[in-house]
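Novice:
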Amino acid sequence: MKRYVLGAFLFLNILWSQVSKDSSYYHYACMEKSTDAVKNIVYVKGTYHLFLPSIVEAKTGTSTLNHVISTDLLHWVSTNPISLSNSDTECVMETVVVDQENAAGLGNNTLVALVSHRSNDKNATKGAKFFEFEYSTNEGKSWKKLKYNTDFIKDEKETIQSFQLIWNEPFKKWHLIQCLNDGIKIWSSPNLTEWHYESTFKPIKNESEKLWKKSSLFSIKTTTGEEKWLLIVDIQDTTSEQNQGSFCYIGTFDGTKFTNEQTPLALDYGTDAYSSAIASTPEKTLLRWSNSNKEFHQSGIDEGTSTLLLPKTIELYKENNRYKIRQQVLSSIPMKLMFEEKNIQTPYEKTAQEWNRSLVSLTFQKASDCMLLFSNELGETYSVTFSEKNLIVDRRMAGSYTFESKPQSIPMEDNLLNLDVFLDQNLIEILANKGKYVITQHIQPTQNFTKVTLITKETSSIYAIKCQHITLEQ
1 MKRYVLGAFL FLNILWSQVS KDSSYYHYAC MEKSTDAVKN IVYVKGTYHL
51 FLPSIVEAKT GTSTLNHVIS TDLLHWVSTN PISLSNSDTE CVMETVVVDQ
101 ENAAGLGNNT LVALVSHRSN DKNATKGAKF FEFEYSTNEG KSWKKLKYNT
151 DFIKDEKETI QSFQLIWNEP FKKWHLIQCL NDGIKIWSSP NLTEWHYEST
201 FKPIKNESEK LWKKSSLFSI KTTTGEEKWL LIVDIQDTTS EQNQGSFCYI
251 GTFDGTKFTN EQTPLALDYG TDAYSSAIAS TPEKTLLRWS NSNKEFHQSG
301 IDEGTSTLLL PKTIELYKEN NRYKIRQQVL SSIPMKLMFE EKNIQTPYEK
351 TAQEWNRSLV SLTFQKASDC MLLFSNELGE TYSVTFSEKN LIVDRRMAGS
401 YTFESKPQSI PMEDNLLNLD VFLDQNLIEI LANKGKYVIT QHIQPTQNFT
451 KVTLITKETS SIYAIKCQHI TLEQ
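Numbers 1 to 474, taken from full-length UniProt numbering, label the letters of the sequence shown in order.
#1: Is the number of C-beta pairs between the region 307 to 320 and the region 214 to 233 that are closer than 8 Å three or more?
#2: Under the rule that 16 or more other beta-carbon atoms within 10 Å means buried, what is Pro-411, buried or exposed?
#3: Please report the straight-line C-alpha distance between Leu-180 and Thr-446, rounded to a whole angstrom.
#4: So is Phe-339 buried or exposed if we call it buried at 16+ other beta carbons inside 10 Å?
#5: Going along the chain, which residues of its own chain have a beta-carbon closer than 7 Å to the beta-carbon of Gly-107, five neighbours each way excluded?
#6: Might you give, ordered along the chain, the residues of its own chain that have their beta carbon closer than 8 Å to the beta carbon of Ser-142, omitting 5 neighbours on each side?
#7: For the putative contact between Gln-408 and Asn-356, defined by C-beta atoms under 8 Å, what is the C-beta separation to the nearest angstrom?
#8: Consult DSSP for Pro-407 and reduce its assignment to one of helix, strand or coil.
#9: Inspect the beta-carbon positions of Ala-273 and Arg-288 and report whether they are closer than 9 Å.
#10: Distance check for Asn-448 and Phe-296, CA to CA, integer angstroms please.
#11: By DSSP's criteria, Gly-399 is part of a beta bridge. Which residues make up the other side?
#12: With burial defined as no fewer than 16 other Cβ atoms inside 10 Å of the residue's Cβ, what is the status of Val-68: buried or exposed?
#13: Using 8 Å as the cut-off, can you tell me whether the region 196 to 203 makes contact with the region 276 to 285, which would need three or more C-beta pairs spanning the two stretches below that distance?
#14: Which partner residues of His-469 appear in the DSSP bridge assignment?
#15: Do you know whose CA, among Leu-50, Ser-78, Phe-130 and Glu-90, lies nearest Leu-111's CA?
#16: Anyone know if the C-beta pair for Lys-436 and Arg-322 falls short of 9 Å?
#17: What does the Cβ neighbour count give for Val-421, buried or exposed, with the cut at 16 atoms within 10 Å?
#18: What first and last residue would you give for the beta strand (DSSP E) that runs through Ala-352?
#19: Which of the three DSSP states is assigned to Pro-53 in this structure?
#20: Within its chain, find whatever has a CB closer than 7 Å to the CB of Glu-94; leave out the 5 residues flanking it on each side and keep chain order.
#21: So, for Tyr-28: in the same chain, excluding its five sequence neighbours on each side, which residues have a beta-carbon less than 6 Å away from its beta-carbon?
#22: Do you know whose CA, among Tyr-43, Leu-73 and Gly-46, lies nearest residue 488's CA?
#23: For the beta strand (DSSP E) containing Asn-260, list its first residue and its last residue.
#24: Within 10 Å of its beta-carbon, does Gln-353 have 16 or more other beta-carbons around it, so buried, or fewer, so exposed?
#25: With a threshold of 8 Å (Cβ to nearest heavy atom), would Ser-405 be considered close to the ligand GTP?
#26: Among the residues of its own chain, which have a CB less than 8 Å from the CB of Leu-372, if the five just before and after it don't count?
#27: Going by DSSP, what residue range makes up the beta strand (DSSP E) through Ile-184?
#28: What does DSSP give as the partner residues of Glu-90 in its beta bridges?
#29: Over the uninterrupted beta strand (DSSP E) stretch that includes Leu-328, give me the two end residues.
#30: Please report how far the alpha carbon of Ile-235 lies from the alpha carbon of Ile-186, in whole angstroms.
#31: For my contact list, Leu-330 and Thr-313 are in at a C-beta cut-off of 8 Å; report their separation, rounded to the angstrom.
#32: What are the start and end residues of the beta strand (DSSP E) that includes Phe-133?
#33: Can you tell me whether Phe-253 is helix, strand or coil according to DSSP?
#34: Relative to the alpha-carbon of Leu-84, which residue among Glu-101, Pro-53 and Val-97 has its alpha-carbon at the smallest distance?
#35: Please name the residue or residues paired with Ser-319 in a DSSP beta bridge.
Have a look at this one:
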C-alpha cells in the first residue's frame, strides 16, 4: 500500500513540476538549451527573427542556432535549429542586420551577420578565435560565408565583449561597434570589405570593477522631434560576476564618433535583466533577457533557462533641462480585467486564488508613504515600499532562496504617482511613474501569492487599484 501511495505521490509531483514549467509563465522561456543572448533580432516581411546561440554540444564542440520567430514580440514560436556555414567549429552569431536597401549587393532584405568561431583543430592554437561574415537570403534558414575582410578584428586579449553591425542610411556606411571592457570602438565601411577605424568612446569615469558586456547604439526621436543617439550598456561586476543592470548614454553620432551629452541614466534598477536589444519597429521597442541561475531551478525553472522580458517601448523626453527615458510595456499584451476599485480606504486587503499571472496597478491621489505587499499562506512575501522619495523593493522573504541581505532602495526625483507591477511565477517587472523607473527581479515563492495588502501613512491617499489577469500563453 505504501508503495502505491509513494508512486502516486511521485507521479503527481512530476505532473505538477511539468505544469509549473510549461503553463505557469507568460514570459517566453527558451527551453532549447539556449544561452542568454537577445542581441540578434531582426524584422523581415512582418516577422521578427531571434537567433539564440545554443549551448555547445559537449562531444563535438560545435553549436547551432535556435531560431525563434514572432509577429508581435509577445508570442514566440521555435523553428528548426540552424547551422552556420562553418559548422565544424564552436560558433556564435555576434550580430545580425537586415540589408533592406541591398547596400551590400546581395539582394533586398538579405540578412548579414558577423560570426565568431573557435577552432577545434588540435593542431591549432587552443581556443583560437576567428571571425567571418555570413549572409542569408531565406530569412535565416540557411547561411553562406562571405569572403570579406575581418583581419581588422583583433581580440588576442579577449577585450572585445560583443559586437553590433548597423547600416547607417544618412551616411551610406556600415558601422561595426565593438563593445570593449570599458567603452566602445567604432569602425566604418562602404561595402563590408574595406574597413576604417573611426573612433573610441570611453567615459571619463568608469569604476574599474564594472565590466561592459554588451552595447547597443541607435538613433531615436525625442517627444519634440529632435534626433538623439542612445548608447545602452549592460554591465557586470567583475568581483562577483553578477549582472549589475544597464545604463544609457545620450548624445549625438556624426557617423564617425559618439559624443555623450549628460551623465548616464539607469535603464533598470534591478540586477536580473540584461542583454538589451532594440527591435526595428515604428516605435523603438526594447527587448531584454533574464537568465535563471542554478539557484532557481528548484522552483520550476530549469537551470540555464533564458527568459525574454516583456517588450517595452522607449520614449525620450526632456525634464528640467535633462533627457529622461520612459518605458512602457506593449499595450497589445492580452489581459482580462479581474477587478477595479476607486477611492479605496487603507489599510486594504484583497484575496484571490493567485496573483502570479497578473498586472496590479495603483494610482495615487496625493503623495504619501505606502507599502504594497504580496503574500501567501506560508508567510512568504514580496513588498514594494515608497518612503521619503525612495522606492524600496524587498524580496528577502520571497521564497526559499536566500536573496540579498537587505532591501534594494532606488532614489526617486519625484513622488510616487502610479505603480504597475507585472507579476509572473518567478519574475517581477515594476514600472513606476509611467515607466520612468523600472525594476526587474527574480523571486522564488514556494506557493502562489494569494493576498495583496496596501498600507499608507495617510488614509485615502490611494485613488484606485486595478488588477488584470495576463492571458498571454507561450
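Even glycine gets a Cβ: it sits at the ideal position worked out from N, Cα and C.
No experiment lies behind these values; they were computed from the predicted model shown.
Specialist: Answer, in terms of the structure:
#1: Enough Cβ pairs lie closer than 8 Å, so yes.
#2: Flag for Pro-411 reads exposed.
#3: Computed Cα separation, rounded: 40 Å.
#4: Phe-339 is exposed by the Cβ-count criterion.
#5: Taking Gly-107 as the centre and dropping the five residues before and after it, the same chain places the C-beta of Thr-137 closer than 7 Å to its C-beta, in chain order.
#6: For Ser-142, same chain residues with a beta-carbon under 8 Å away, outside a window of 5 residues either side, are Ile-82 and Ser-136 in chain order.
#7: Not confirmed; about 21 Å, so no contact.
#8: The DSSP-derived three-state label of Pro-407 is coil.
#9: Remark: C-beta atoms of Ala-273 and Arg-288 approach each other more closely than 9 Å.
#10: Unreliable placement is indicated for Phe-296, whose pLDDT of 44 sits below 50; the coordinate value is still reported in the next sentence. CA-to-CA, the gap between Phe-296 and Asn-448 works out to about 16 Å.
#11: Paired residue(s): Gln-444.
#12: Per the 10 Å Cβ criterion, buried.
#13: No, because fewer than three Cβ pairs between the region 196 to 203 and the region 276 to 285 fall closer than 8 Å, the two stretches do not touch.
#14: Answer is Lys-336 and Ser-358, bridged to His-469.
#15: Here the closest residue by C-alpha is Leu-50.
#16: Arg-322 is positioned such that its CB atom lies no closer than 9 Å to that of Lys-436.
#17: Of the residues assessed, Val-421 falls on the buried side of the cut-off, its CB having 16 or more other CB atoms within 10 angstroms.
#18: Neither: Ala-352 is in no beta strand (DSSP E) and is coded neither H nor E.
#19: In the structure shown, the three-state DSSP call for Pro-53 is strand.
#20: For Glu-94, same chain residues with a beta-carbon under 7 Å away, outside a window of 5 residues either side, are Leu-114, Val-115, Ser-116, Ser-162 and Phe-163 in chain order.
#21: Same-chain partners within the cutoff: Trp-76, Leu-308 and Gln-474.
#22: Lying outside 1 to 474, the shown extent of the chain, residue 488 is not represented and no answer is given.
#23: 258 to 260 is the extent of the beta strand (DSSP E) around Asn-260.
#24: By the 10 Å Cβ count, Gln-353 comes out exposed.
#25: Of the ligands one can find in the structure shown there are none, so the ligand GTP has no counterpart to examine.
#26: Here the set comprises Val-360, Leu-362, Ser-383, Val-384, Thr-385, Leu-419, Val-421, Val-452, Thr-453 and Leu-454.
#27: Residues 184 to 189.
#28: Glu-90 is bridged to Arg-118.
#29: Per the sequence shown, residue 328 should be read as Gln rather than Leu. It spans 322 to 329 - the beta strand (DSSP E) in which Gln-328 sits, taken as one unbroken run.
#30: Using only the alpha carbons, I get a separation of about 19 Å.
#31: A Cβ-Cβ separation of about 7 Å places Leu-330 in contact with Thr-313 under the 8 Å criterion.
#32: Taken as a continuous stretch (DSSP letters only), the beta strand (DSSP E) holding Phe-133 covers 129 to 136.
#33: DSSP, reduced to helix, strand and coil, places Phe-253 within a strand of the structure shown.
#34: Of Glu-101, Pro-53 and Val-97, the residue nearest in Cα terms is Pro-53.
#35: According to the sequence as given, residue 319 is Glu; it is not Ser. Bridge partners of Glu-319: Arg-322.
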